[in-house]
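Reviewing the structure listed below.
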Amino acid sequence: MFEKKPKAEITMLTIKEAAALVDGLTEYRIRQLCRSGELPCIKAGKKYLINKDILFRYLGGDTE
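So the sequence shown is numbered by my numbering: it starts at 5 and just counts up by one.
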């Protein structure tokens with residue numbers, strides 16, 4: 005009766021995890037991008053959380 009839709013997994017990264025994942029991108033630069041609003045992120049307490057898919061789209065040149 006009801007179809008089960010596949011669940012989309014959302015992976016959130018800390019600044020440290022994002023910097024470790026991408027060569028040539030430092031924690032400092034990722035933090036700058038988050039603070040300026042250039043890289044969409046969520047601030048949870050004192051930590052910035054970045055969606056992994058959005059990070060890769062941003063790095064690929066997709067700014068939408």
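Where a beta carbon is used, it is the ideal one built from N, C-alpha and C, also for glycine.
None of these values were measured; they are calculated from a predicted model.
Checklist entry - Using the beta-carbon count (16 or more within 10 Å), is Tyr52 buried or exposed? => result Answer is buried; the Cβ neighbour count reaches 16.
Checklist entry - Of the residues Leu63, Cys45, Gly64, which one's Cα is nearest the Cα of Thr15? => result Of Leu63, Cys45, Gly64, the smallest CA-CA separation from Thr15 is found for Cys45.
Item to check | Cα-Cα separation between Thr30 and Lys50, rounded to whole angstroms | outcome: Separation of Thr30 and Lys50 (C-alpha to C-alpha, rounded to the nearest whole angstrom) is 18 Å.
Checklist entry - So, is the C-beta of Ala22 closer than 8 Å to a C-beta in chain C? => result The structure shown contains no chain C; it holds only a single protein chain.
Checklist entry - Taking C-beta to C-beta, are Arg39 and Ile19 nearer than 8 Å? => result No, these two residues do not count as a Cβ contact at 8 Å.
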